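J.:
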Amino acid sequence: SGQVPAATDVDGTIAGYDLATDVGTGNGSLTFNADGSYTFTPGADFDGLAAGESRDVTFSYTATDNDGGVSAPKTVTITVTGTNDAPVAQAGTATTEENSVLSGQVPAASDVDGTIASYALDASVGQGNGSLTFNADGSYSFAPGTDFDGLAAGASRDVT
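Using the UniProt record's numbering, count along the sequence shown one by one with no gaps and you end on 160.
(1) Compute the distance between the beta-carbons of Y140 and T133, then report whether it is under 9 Å.
(2) Could you tell me the alpha carbon to alpha carbon distance between I14 and P5, rounded to whole angstroms?
(3) Can you find the residues in the same chain that come closer than 6 Å, C-beta to C-beta, to V23, ignoring five residues on each side of it along the sequence?
(4) Are there three or more Cβ pairs, one per stretch, closer than 8 Å when the region 101-114 is compared with the region 42-56?
(5) With DSSP collapsed to three states, give me the class of A44.
(6) Grab the span of the beta strand (DSSP E) containing Q105 for me, first residue to last.
(7) How many angstroms separate the CA atom of T93 from the CA atom of K74?
(8) Could you tell me the alpha carbon to alpha carbon distance between T8 and D65, rounded to whole angstroms?
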């Protein structure tokens with residue numbers, strides 16, 4: 001949110017302000033009011049900016065006096081600085097037999113700022129649910145061990 005610089009008029013008073021040129025497509029959204037106040041919302045248009053990277057957005061406005069005179073357009077520049085957007089992880093499922101080791105790769109995460117540096121285990125499989133080896137590249141191996149030997153033929157048990 002902001003306010004355009006106050007205009008002056010030697011032969012009258014400023015009656016209002018008008019938007020002359022909007023921020024343009026792909027540059028967020030701008031709400032401009034007759035009193036010169038405005039609200040700029042970057043939105044998703046800037047999600048691709050890396051942390052510390054910036055991009056300028058401009059709009060121009062005119063001032064109108066009480067006699068109908070209109071000023072030359074003036075430009076306002078807004079600098080949008082990127083932040084580190086969190087990556088988005090994806091859920092996945094896999095199935096194995098009770099005594100078979102399952103090896104796999106977690107579904108690829110995405111990051112609008114760049115590439116995924118590493119993966120980390122949020123929670124282990126818990127006691128009595130086999131053993132899990134999880135690597136920073138997202139690969140894993142799950143060994144059910146004897147923890148699932150009591151399952152009847154065709155029965156299953158979920159481990160998360």
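Built from N, CA and C at the ideal position, the CB exists for glycine as well. Keep in mind the model is a prediction, meaning the values are calculated, not measured.
T.: Checking against the coordinates, here is how it stands:
(1) Yes, these two residues count as a Cβ contact at 9 Å.
(2) When only Cα atoms are considered, I14 and P5 end up about 12 Å apart.
(3) Once the five neighbours on either side are set aside, the close Cβ partners of V23 are L30, V57 and F59.
(4) Taking 8 Å as the limit for Cβ pairs, the verdict is that the region 42-56 does touch the region 101-114.
(5) In this structure, A44 counts as helix in the three-state DSSP scheme.
(6) Here the beta strand (DSSP E) through Q105 covers L102 to Q105.
(7) Linking T93 to K74 through their CA atoms gives a straight-line distance of about 57 Å.
(8) Those two C-alpha atoms are separated by around 9 Å.
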